[in-house]
Structures are given as structure tokens and as C-alpha cells.
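Asker: Below is a structure I'd like to ask you about.
Numbering (our numbering), first residue to last: 12 to 329.
Below is the structure:
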């Protein structure tokens, strides 16, 4: 990928897509094409293919997806598998038909099998069944990874699947019914502080360990892999360190300035006990994360406050 390429960012309004747009703009890319969901439904083949052909796209960054936390995945598994399968199938196929030279597909570390050795290497994919609480989403994302590998093998294109760890940052989703753990905790703790509430309820025991990567680091890794390597096979993107959910919640409380009680609810599902990526492959290519967790959380909370003031915080009714 070069700065003279015409690049289509699918899902530019979301957490990852907006970070990719920022990274491309910093890198001097002048032909970045985007389209909102209202303008283009990526689950429909014909308009997707028409846009890629009309815009003469060279590179597609596929960050569009239906995503959510444990509760959302449990509540709507049919939507998670149907929408994500349709997006992967339509965009990857449309890209090939439109002559797109390179494509990057964003997977998710939650599609690795439950109970495998930690940290999780790329070779662990499909060596077991995914975590039951997000199996529908995982199956759809696995299909996207396999599509990239199949198109590479059969057609000689460069469709690169990457596997980011848990992401957070500006333009996250703060809807408490569908959000991931970091935005959910930021919103709940922020609102508890504003109300003067003595405690905040936190899902689960607090014992599971997770790896968290600022989305700007993820976007930087994606662009780096396309610009500076010839990698075509699945590559993990993470920081290589994890924390417990309790430690995460305590750090967010410190960042927000909340000194009330964090009340963990072990009756709620924990998900996988530990999830940490083996990032040695990305490191061997010369990339590593640079944003430390506490610093990243401070940046994210500042962005959340700005989004609240502007009435643009996703998932929060102004």
C-alpha cells in the first residue's frame, strides 16, 4: 500500500474505522474513500461492488462489523452471525470483482478457541471451539479469515487478515446494553461520580484477564503491515500484556476520579478466563504498541467527555 493509492475504509464511523482514517490522513493519503451505513449497506452485494468499481479502489480496509460485549452476543446471536457473515462475504467478493489489489480484514481475538495455551498464537485458530458466549460472532469472523486465505491461494491477491486484541479509544460505543467492557466501565463510573453514587456494579468476578490495545495503536499496526511488509497470512495485533478486569476497573476509577465502591457481580458471566495474544510475529516485522494502558484510558476518557459535550457520544442519548 502506498500513499498514492485510493483506499476505501469500510466502517469509518466506528471505533476502528475512524482510527484508520486518522492514521491514513497522518500518513499523507489523499484519496481516502468512506461511506456511511445510510449511504451504503455493506450486507448488499450489488451496491458494494458498484462503489468499489466506480471509485477505482486499490485497497480496502474492512473494519465494518456488528460488535458488542458478552450481553449483546448472548441476546442476539442470529444478528451477530448473519450481519458479519454478509459483510465479510459481500465486501471481500466485491473487492475481488472490482480488481482491488490489497485488502485488510479485521478479525478479533475472541474467535480463538476457549482453553488454549496463553499467549495465543496465530496457529491456534481452528484448533478448538470458540467461547460459547460469542460463538456466532466468532464463526462469522473465522469465515472472513478463511475467505482471505482462499482468495490469496486461488487468485494471487493480497488479502491480509489481522487479529486485534480488545480495543478501546475515541468513537467507541457507550451503549450499556451493547458496549464492550472499557466503554461500559467509563460510562458507568463517570455517571456514578456525577450522581455521587456510593458504588458501581461491575459484571463478573473481576478475575478474568484481558489484553487491551488503544485503537490508534491498532490502526498504526494495520497501516504498517500493509506499507512495510509483504505479509498475507493471519497476524495478531496486541501489546503483549494483560490485566485483570478488577485492575482495569480500578484504573478507570482512578482516571475518572471516582472513589466509591466497585461491586463485582459473580452471577454474571466472565467469559474466557484469560485472553492474551502472542504478538511475536508483528514484533518480528518491526511493529510494537506504544500507548500504555493508563495513558490510553486517560486519552479515551478525555475524548468521551468531549463527545458528551458535543452530543456525539455513540450510544448515549444527548
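Glycine included, each C-beta is placed from N, C-alpha and C at the ideal position.
#1: Residue 113: which of 122, 233, 170 and 105 sits nearest, CA to CA?
#2: Extract the residue ranges of the beta strand (DSSP E) inside the stretch 214–293, only unbroken runs of 3 or more that lie entirely within it.
#3: Nearest CA to the CA of residue 115: which residue from 161, 233 and 59?
#4: For residue 141, is the classification buried or exposed, using 16 other Cβ atoms within 10 angstroms of its Cβ as the cut-off for buried?
#5: Can you find at least 3 beta carbon pairs, one from the stretch 291–309 and one from the stretch 225–240, that sit closer than 8 Å?
#6: Hey, is the stretch 174–191 in contact with the stretch 254–273, meaning 3+ C-beta pairs nearer than 8 Å?
#7: Anyone know if the C-beta pair for residue 256 and residue 207 falls short of 8 Å?
#8: Compare the beta carbon distance of residue 192 and residue 326 with 8 Å and say whether it is the shorter of the two.
#9: Under 8 Å by Cβ, that's how I've got residue 53 and residue 74 pegged, so tell me the actual separation to the nearest angstrom.
#10: Just confirm the distance between the C-beta atoms of residue 175 and residue 245, as a whole number of angstroms; I'd bet it's less than 8 Å.
#11: Would the stretch 63–73 and the stretch 266–281 be scored as touching if the rule is three or more Cβ pairs under 8 Å?
#12: Who are the Cβ neighbours of residue 95 in its own chain at under 7 Å, not counting the five residues just before and after it?
#13: Does residue 165 pass the burial test, meaning 16 or more other C-beta atoms within 10 Å, or should it be called exposed?
#14: Distance, Cα to Cα, residue 39 vs residue 230?
#15: Given residue 285, which residues of its chain have a CB within under 6 Å of its CB, disregarding the five upstream and five downstream residues?
#16: What number of angstroms, rounded off, separates the C-alpha of residue 108 from the C-alpha of residue 60?
#17: Would you check if the distance between the CB atom of residue 144 and the CB atom of residue 84 is smaller than 8 Å?
#18: Taking a contact to mean a Cβ-Cβ separation below 8 Å, would you say residue 226 touches residue 178 in this structure?
#19: Return the chain-ordered list of same chain residues with a C-beta closer than 8 Å to the C-beta of residue 32, the five sequence neighbours on each side being excluded.
#20: Tell me the rounded alpha-carbon separation between residue 194 and residue 289.
#21: Relative to the alpha-carbon of residue 182, which residue among 317, 37 and 13 has its alpha-carbon at the smallest distance?
#22: Should residue 105 go down as buried or exposed, given a rule of 16 or more other Cβ atoms within 10 Å for buried?
#23: Specify the secondary structure class of residue 146 as computed by DSSP and reduced to three states.
#24: Have a look at residue 27 and residue 209 and give me their C-alpha separation to the nearest angstrom.
#25: When you compare each of 251, 268 and 180 to residue 204 by their alpha carbons, which one comes out closest?
#26: Under three-state DSSP, which class holds residue 137?
Answerer: In short:
#1: 170
#2: You should have 223–225, 246–248 and 272–276.
#3: 233
#4: Buried is the call here.
#5: yes
#6: Segments in contact, no.
#7: no
#8: no
#9: With 8 Å as the limit, residue 53 and residue 74 do not qualify as a contact, their Cβ atoms being about 11 Å apart.
#10: Rounded, the Cβ-Cβ distance is 12 Å, inconsistent with contact.
#11: no
#12: Here the set comprises 76, 77, 148, 151 and 152.
#13: exposed
#14: In a straight line, the C-alpha of residue 39 is about 15 Å away from that of residue 230.
#15: 129 and 220
#16: 7 Å
#17: yes
#18: yes
#19: 20, 23, 43 and 45
#20: 25 Å
#21: With distances taken between Cα atoms, residue 182 lies closest to 317.
#22: buried
#23: helix
#24: 34 Å
#25: 268
#26: coil
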